[in-house]
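The numbering of the sequence shown is our numbering, which starts it at 45 and goes up by one. Data block below; observations after.
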Amino acid sequence: MTQDQLKQAVAQAAVDFILPQLDDKSIVGVGTGSTANCFIDALAQHKAAFDGAVASSEATAQRLKGHGIPVYELNSIGDLEFYVDGCDESNERLELIKGGGAALTREKIVAAVAKTFVCIADGSKLVPLLGTFPLPVEVIPMARSHVARELVKLGGDPVYREGVTTDNGNIIIDLFNLQIGNPRELEAQINAIVGVVCNGLFAARPADLLLLGTADGVRTLRR
Numbered sequence: 045m046t047q048d049q050l051k052q053a054v055a056q057a058a059v060d061f062i063l064p065q066l067d068d069k070s071i072v073g074v075g076t077g078s079t080a081n082c083f084i085d086a087l088a089q090h091k092a093a094f095d096g097a098v099a100s101s102e103a104t105a106q107r108l109k110g111h112g113i114p115v116y117e118l119n120s121i122g123d124l125e126f127y128v129d130g131c132d133e134s135n136e137r138l139e140l141i142k143g144g145g146a147a148l149t150r151e152k153i154v155a156a157v158a159k160t161f162v163c164i165a166d167g168s169k170l171v172p173l174l175g176t177f178p179l180p181v182e183v184i185p186m187a188r189s190h191v192a193r194e195l196v197k198l199g200g201d202p203v204y205r206e207g208v209t210t211d212n213g214n215i216i217i218d219l220f221n222l223q224i225g226n227p228r229e230l231e232a233q234i235n236a237i238v239g240v241v242c243n244g245l246f247a248a249r250p251a252d253l254l255l256l257g258t259a260d261g262v263r264t265l266r267r
């Protein structure tokens with residue numbers, strides 16, 4: 045199977061998982077990126093089964109609206125049963141690296157509100173140790189140099205992601221060459237740096253369910 049086919053398979057698996065638990069008042073949180081886009085396309089076939097969605101980015105909001113799915117502001121809703129999104133890396137504890145698409149802060153906010161976080165990914169994203177994929181850090185622009193110096197102290201190599209502005213008007217620094225043995229501790233350390241808005245470690249709030257697309261079918265991991 046191609047990588048696109050694996051993404052489509054896990055997207056459909058996520059729809060099959062959440063659909064029986066939805067009703068006409070349900071609102072679904074939706075992530076950002078190519079795998080999340082596959083989920084949106086699959087979910088749109090059942091848009092009469094739920095009320096609408098909360099989007100983690102402007103791009104996701106536009107794709108949802110293009111399918112005729114109502115998009116709500118997170119502040120205007122009560123419960124959010126599910127959040128479905130991809131990842132850049134996951135370990136066996138379902139701690140993740142996210143943010144390759146620069147939507148990490150809004151993704152983390154929606155994930156924090158959702159009762160169940162369903163992560164969908166192809167099998168290559170499951171790793172024994174996080175850090176091969178560079179860790180994204182969203183930063184207030186004026187703090188870029190300060191934050192970069194502090195990140196060097198943590199043992200990584202920070203690289204400014206040129207030409208990228210987040211939906212929040214901030215910049216991204218990608219932190220390379222880390223071996224992340226304690227993701228939860230590192231997440232807190234980076235977030236404590238003045239000027240950091242958020243970082244792409246989802247360890248304090250990991251996924252609850254990971255659906256992995258493999259050549260042998262969709263593999264399910266639970267926390």
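Yeah, the Cβ is synthetic: ideal placement off N, Cα and C, and Gly gets one too.
Which same chain residues, not among the five before or five after residue i, have their C-beta less than 8 Å away from its C-beta?
i: Val262; result: Ala53, Val54, Ala57, Leu255, Leu256
i: Met268; result: The question about residue 268 has no answer here: the residues shown for the chain are numbered 45 through 267.
Which first and last residues belong to the beta strand (DSSP E) in which residue i is found?
i: Arg267; result: Run containing Arg267: none; DSSP gives neither H nor E here.
i: Asn243; result: 240-243
i: Val157; result: Looking at the DSSP string, Val157 is not in any beta strand (DSSP E); the run it does join, the alpha helix (DSSP H), is 148-157.
i: Leu253; result: 253-258
Quick check: the Cα distance between residue i and residue j, rounded to an integer number of angstroms?
i: Thr160; j: Arg266; result: 11 Å
i: Ile224; j: Pro172; result: 10 Å
i: Leu170; j: Phe177; result: 11 Å
i: Ala180; j: His90; result: The question names Ala, but residue 180 in the sequence shown is Pro. Distance between the alpha carbons of Pro180 and His90 is about 33 Å.
i: Asn221; j: Leu195; result: 11 Å
i: Asp252; j: Val162; result: 6 Å
i: Arg205; j: Pro227; result: 22 Å
i: Ile184; j: Val241; result: 7 Å
i: Val157; j: Asn243; result: 17 Å
i: Pro114; j: Asn212; result: 22 Å
i: Leu219; j: Ser134; result: 17 Å
i: Ile217; j: Thr104; result: 22 Å
i: Ala93; j: Glu229; result: 40 Å
i: Ala232; j: Asp68; result: 38 Å
i: Phe207; j: Pro64; result: For the sequence presented, residue 207 should be read as Gly rather than Phe. The alpha-carbon atoms of Gly207 and Pro64 are separated by roughly 42 Å.
What residues are listed by DSSP as bridge partners for residue i?
i: Glu133; result: Ile141
i: Tyr127; result: Gly73, Phe161
i: Val44; result: Only positions 45 to 267 of the chain appear in this structure, which leaves residue 44 out of reach.
i: Arg263; result: Leu256
i: Val115; result: Ala97
i: Leu170; result: Ser134
By the DSSP assignment, the alpha helix (DSSP H) with residue i in it spans what residues?
i: Leu108; result: 102-110
i: Phe161; result: Counting along the chain, Phe161 falls outside any alpha helix (DSSP H), though it belongs to the beta strand (DSSP E) covering 160-166.
i: Thr79; result: 78-87
i: Gln65; result: From DSSP, Gln65 is part of no alpha helix (DSSP H); its letter is neither H nor E.
Output needed for residue i: all residues of its chain with C-beta closer than 6 Å, excluding positions within five of it in sequence on either side, in chain order.
i: Thr79; result: Lys51, Gly130, Ile164
i: Phe246; result: Leu140, Lys142
i: Leu138; result: Pro250, Ala251, Leu254, Arg267
i: Gly77; result: Gly130, Gly145
i: Ser100; result: Gly75, Thr76, Ala147, Arg150, Glu151, Val154
i: Tyr127; result: Gly73, Val154, Ala155, Ala158, Phe161
i: Ala97; result: Val72, Val74, Leu108, Ile113, Val115
i: His190; result: Gly239
i: Val122; result: It is Gly, not Val, that sits at residue 122 in the sequence shown. Contacts found: none.
i: Leu174; result: Glu133, Asn135, Ile141, Ile224, Pro227
Who are the Cβ neighbours of residue i in its own chain at under 7 Å, not counting the five residues just before and after it?
i: His111; result: Ile84, Ala88, Lys91
i: Ala86; result: Ala55, Gln56, Val59
i: Gly199; result: Leu222
(message) Extract the residue ranges of the beta strand (DSSP E) inside the region 175-230, only unbroken runs of 3 or more that lie entirely within it.
(response) 179-183, 201-204, 215-220
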